[in-house]
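Asks: Those protein sequences? They're chains R and W, same order as listed. So the first sequence is residues 0 to 532, counted in numbering that gives the first Met the number 0. So the second sequence is residues 0 to 376, counted in numbering that gives the first Met the number 0. All C-beta atoms, glycine included, are put in the ideal place defined by N, C-alpha and C.
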Amino acid sequence: MTTITADDDHDPHAAHDDHGPDKGLTRWITTTNHKDIGTLYLWLAFIMFLTGGTMAMVIRLELFQPGLQFVEPGFFNQMTTMHGLIMVFGAIMPAFVGLANWLIPMMIGAPDMALPRMNNWSFWILPFAFTMLASTLFMEGGGPAFGWTFYAPLSTTFAPDSTDYFIFAVHLMGISSVMGAINVIATILNMRAPGMTLMKMPLFVWTWLITAYLLIAVMPVLAGAVTMMLTDRHFGTSFFDAAGGGDPVLFQHIFWFFGHPEVYIMILPAFGVISAIVPTFARKRLFGYDSMVYAVASIAILSFLVWAHHMFTTGMPVAGELYFMYATILISVPTGVKVFNWVSTMWKGSMTFETPMLWALGFIVMFTIGGLSGLMLGVAPVDTQYHDTYFVVAHFHYVLVTGALYSIIAAFYYWVPKWTGHMYNETHGKIHFWWSTIAVNVLFFPQHFLGLAGMPRRIPDYALQFAEFNMISSIGGFAFGLAQVFFLYIVIKTIKGGEKASDLVWEGATGLEFEELSSPPPYHSFTVAPDIK
Amino acid sequence: MIFNKLSERLSAALAGVLSMLFVSAADAEYALNMTRGVTPISRDLYGLHMIVLWICVVIAIVVFGVMIWSIIYHRKSRGAVAANFHENAQVEVFWTVGPLVILIAIAIPATATLIDLEDAKTNADINLQVTGIQWKWKYNYIDEDLVFISTLAQSSRDVIKDPAGHENYLLEVDQPIVLPINKKIRFLFHSDDVLHAWWVPALAVKQDVVPGFINDSWAVIEKTGTYRGQCAELCGKDHGFMPIVVEAVTQGEYEQWLVDKKAEAAAIAESADKEWSMQDLLAQGETVYKGNCAACHGPTGAGIPGVFPALSNSPVATGDPAGHINIVMNGKAGTAMAAYKSQLSDVDLAAVITFERNSFGNSVGDMVQPSAIKNSR
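1) Using Cβ-Cβ distances below 9 Å, what residues of the region 149-183 of chain W are close to chain R?
2) What residue ranges within the region 151-194 of chain W form continuous alpha helix (DSSP H) runs of no fewer than 4 residues, ordered along the chain?
3) Start and end of the beta strand (DSSP E) containing W/Q229?
4) What residues in its chain sit with their C-beta under 8 Å from that of R/I209, if we drop five residues either side in the sequence?
5) Starting from R/S297, follow the alpha helix (DSSP H) in both directions and report where the run begins and ends.
6) Taking the DSSP output, what are the residues bridged to W/S216?
7) How is the beta strand (DSSP E) around W/S149 delimited, first residue to last?
8) Any C-beta of chain R within less than 7 Å: which residues of the region 202-218 of chain W qualify?
9) With DSSP run on the structure shown, which of helix, strand or coil describes W/Q128?
10) Within 10 Å of its beta-carbon, does R/F390 have 16 or more other beta-carbons around it, so buried, or fewer, so exposed?
11) For the region 307-319 of chain W and the region 342-350 of chain W, state whether three or more C-beta atom pairs, one from each stretch, are separated by less than 8 Å.
12) Could you give the uninterrupted runs of the alpha helix (DSSP H) lying entirely in the region 276-340 of chain W, keeping only those of 4 residues or more?
13) I'd like to check one pair, R/A158 with R/F239: are the Cβ atoms closer than 7 Å?
14) Cβ of R/Y413 less than 7 Å from any chain W Cβ?
15) Check whether the Cβ atoms of W/E171 and W/A196 sit closer than 7 Å, and answer yes or no.
16) Where in the region 393-429 of chain R do unbroken runs of the alpha helix (DSSP H), each at least 4 residues long, occur, reported from the N-terminal end onward?
17) Where DSSP assigns a beta bridge to W/K137, which residues make up the other side?
18) Compare the C-beta of R/D346 against all C-beta atoms of chain W and say whether one is closer than 7 Å.
19) Can you list the residues of chain W that R/P355 reaches, using a CB-CB cut of under 9 Å?
20) With a cut-off of 7 Å, does the C-beta of R/Q483 fall near any C-beta of chain W?
21) Quick one: does R/Y150 have its CB under 7 Å from some CB of chain W?
22) Check the C-beta distance from R/F468 over to R/F448 and give it rounded, since I have them as a contact under 8 Å.
23) Can you tell me whether R/D382 is buried or exposed, with buried defined as 16 or more other CB within 10 angstroms of its CB?
24) Quick check: R/F129 and R/G89, are their CB atoms within less than 7 Å of each other?
25) From which residue to which residue does the beta strand (DSSP E) around W/I389 run?
26) Under 7 Å, do R/E498 and R/M106 count as touching if we go by C-beta distance?
27) In chain order, what residues of the same chain have a beta carbon less than 8 Å from the beta carbon of W/E28, not counting five sequence neighbours either side?
28) For R/K417 and chain W, any beta-carbon pair shorter than 7 Å?
29) Am I right that R/I437 and R/L374 are in contact with their C-beta atoms under 8 Å? What's the rounded C-beta distance?
30) Under 7 Å Cβ to Cβ from W/K261, same chain only, skipping five residues before and after it: list those, please.
31) List, in order along the chain, the chain W residues whose C-beta lies closer than 9 Å to that of R/L329?
32) I'd like to know if the region 398-413 of chain R and the region 348-363 of chain R are in contact, where contact means that at least 3 CB-CB pairs between them fall below 8 Å.
33) Please name the residues in the region 475-506 of chain R whose beta-carbon is closer than 7 Å to at least one beta-carbon of chain W, in chain order.
34) Following the continuous alpha helix (DSSP H) through R/Q464, name the residue where it begins and the one where it ends.
35) Decide if W/K377 is buried, meaning its Cβ has at least 16 other Cβ atoms within 10 Å, or exposed.
36) Please confirm if W/A335 has its CB atom under 7 Å from at least one CB of chain R.
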């Protein structure tokens, strides 16, 4: 593996790079550069992550001990709802779009995204969408209080007036996501350097290609659901109103037909990140590249066929329940393949444990825990006991926090030296990892016990037998929240300065972004297509 | 290195937290795992849960074991040199087919249990209709012509700021349902407003209640006792405050309870015919208000602006009594205001309307008698 610096390669085009970005604020408003837009997405995601995290702190504060001490039940429901919406649509999804913007052009040897102006637009919609969503908290009647799944009729006939703002905000997020997805697909299918065949693409690019198709397929379904809500609320339709001949359960079918692929939208790019990091620090090629690609594709296809496993207690016919149980537990086969492949990549490698690798290992262990509890939840008869309890809360937080979020943080540590040219502080990174990992397990592991013992989710107060584990969970929650404030410090410090990163950054790094580009890379990554070996 | 010292300290902290977990585990075993319950289905579910749990634990141990082995022995600092393999068709087929076999092994007992679980339609001894209402449960013993509403007990509401030491906090109701043991009970679920879910873990019954649909489930309770549960589907503001209490008794006790309960209901119906005094109506009305109205309209009648209208100085509560009676009895379509004629007795309706007209700064001064309600039905 040799290091080729970008300077050697790109000198003839240095003049082109020199014109550089605009100065000041207009640079960020008018930018069409994939790196700038990637940065904007990542910052938006971080701000939303801290906002949604603050709401989680309110939730854990109220649940610290039994009794109602801090907030009213109505406001508590607004907090759980907004926490979910902001983390899903504001933190995890934009963070992955940010990574896609930064990385896909560099990984496939392209100068930028295929549709740069649309790229700008798809980002700049989002701050307005989230401002609108957050503003509902200050309106008469409060913000959405019906859970991030907004089941009708609680979200239609029985919802506060501000629900219309929520509906419009969801539409904007959907438009942004679809535009982002179109851009990703157009870039990957049209802008690969000569020789970069599909089966040579890094897995991160593959997972994003498949994720983008999922987005295009399901975001319109979500838009349909909220539009039906809107017409039920204001224009006399009865899609979800039994009194008018409608069906409240129909809402859940539509929502989860969007919602289940949505959870894979939030985890497939994570698989791509982990598949990049593990081989680098094991100094060994990814095990089973082809089967990884097929596994991701299988998971994506299966994700359309399992939606009603969120609905085992709605009164489905037995045949329906059996089908959705079989299809659901089948997903554990391709998911297992991925985990086994990562472990085999480590096997007989030559491993070191820099911060990105720690986060990736944390991902593999804790995502597997979340996957195994997912298998348990997929077994329909027992799900009738798990459903809507803290067992489910524990499950999806293991998948989304120690899964999706961990991969995003791993990606930050792995690629930030490339992006900024500065190494982060290794000691700080390791403290961040161990602090977060201990805290997150103190936070979420006891929630398995709470759920099994019978604590329903989305309640602001609970019976006394749940007191101990709730207090432990809250302590873990506060510690985890604080660790992410430390992360903010690390991020700012790394951007501002730090030890100069080499072009290859990591001894075992592979891929065009490391082997062909300088750290930081030029404003337009590849103005001349690189040679693909 | 600072990092090593810190990691030691963190490990110590982790050990502390873990020991806390196990101490609580010893104190209260029930708080760690699913209940075995008291019905054949709940035992089947517990068994299935344990099988799947152990399968998951074994898989986790194997996967993490291999990973930890690599982390220890295949690290660069030990001089490990990376091997060069990156695929192996045999092992890849093995770890695709192996899990498939495990899944089939799980699916077989799961299918049998699921079919049992859904067998509510055959041979029911007792039919109990359960209606979810924001935020209480209505029970209708269909074969017995006995209907009543069960809400969170006032004793729990009273200690909501500081419930320490209050046994069964949030899990106690004013009127529990009583059911005989060793009979097949068929539950029929329905909702008057939003989705709820009726869940009693010991009975292994969790079923969504859906407006416009009737769902069913069943249980044969094998042991006398008191079994507690909660609403499991987010249903609005007081979702956390609509518990369920089931008292399982012998057949003889059940029959006696039916006789007593029906006599009680008859006495309440009869009292509607007598003339009530203002004082009695206000006293009764305050109790009814706290249990049924305060959740939305607030303990002081202030409501929640933008969601639930205030009662103090409201045109309805200070206007023509006929309009007030109408809205309380029939509700308001398209809003959260329910039709209380199906929930409250004549006396309770008269009392709460009188109370609302003469409290929270309202002083209309008139009285609504139970007989007036009876005539408007």
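Replies: Reading from the atomic positions:
1) V158, I159, K160, D161, P162, A163, G164, H165, E166, N167, Y168, L169, L170
2) 153-157
3) 224-230
4) L267, V295, A296, A299
5) 288-301
6) W/F186
7) 145-149
8) A203, K205, Q206, D207, V209, P210, G211, F212, N214
9) strand
10) buried
11) No contact exists between the region 307-319 of chain W and the region 342-350 of chain W.
12) 277-291, 293-296, 314-317, 320-329
13) No, the pair does not count as a contact, with Cβ atoms beyond the cut-off.
14) no
15) For the 7 Å CB-CB criterion, W/E171 and W/A196 do not form a contact.
16) 405-419
17) W/T130, W/I148
18) Note that residue 346 of chain R is Trp in the sequence shown here, rather than Asp. With 7 Å as the cut-off, R/W346 counts as an interface residue toward chain W.
19) Within chain W, no residue comes near R/P355; the closest Cβ sits about 15 Å away, beyond 9 Å.
20) no
21) yes
22) Contact between R/F468 and R/F448 holds: CB atoms are separated by about 6 Å, below the 8 Å threshold.
23) A buried status is given to R/D382, since no fewer than 16 other beta-carbon atoms sit within 10 Å of its beta-carbon.
24) yes
25) Outside the modelled stretch of chain W, which goes from 0 to 376, sits residue 389 of chain W, for which no answer is possible.
26) Remark: C-beta atoms of R/E498 and R/M106 do not approach each other more closely than 7 Å.
27) Bear in mind that a pLDDT of 43 at W/E28, under 50, signals an unreliable position, so the number given afterwards is only what the model happens to contain. Closer than 8 Å at the Cβ level, and outside the excluded window around W/E28, lies no residue.
28) no
29) Rounded, the Cβ-Cβ distance is 26 Å, inconsistent with contact.
30) L145
31) L99, L102
32) yes
33) none
34) Element bounds for R/Q464: n/a, residue is neither H nor E.
35) Nothing in the structure corresponds to residue 377 of chain W, since chain W is present only between 0 and 376.
36) Answer yes: the Cβ-Cβ gap between W/A335 and chain R drops below 7 Å somewhere.
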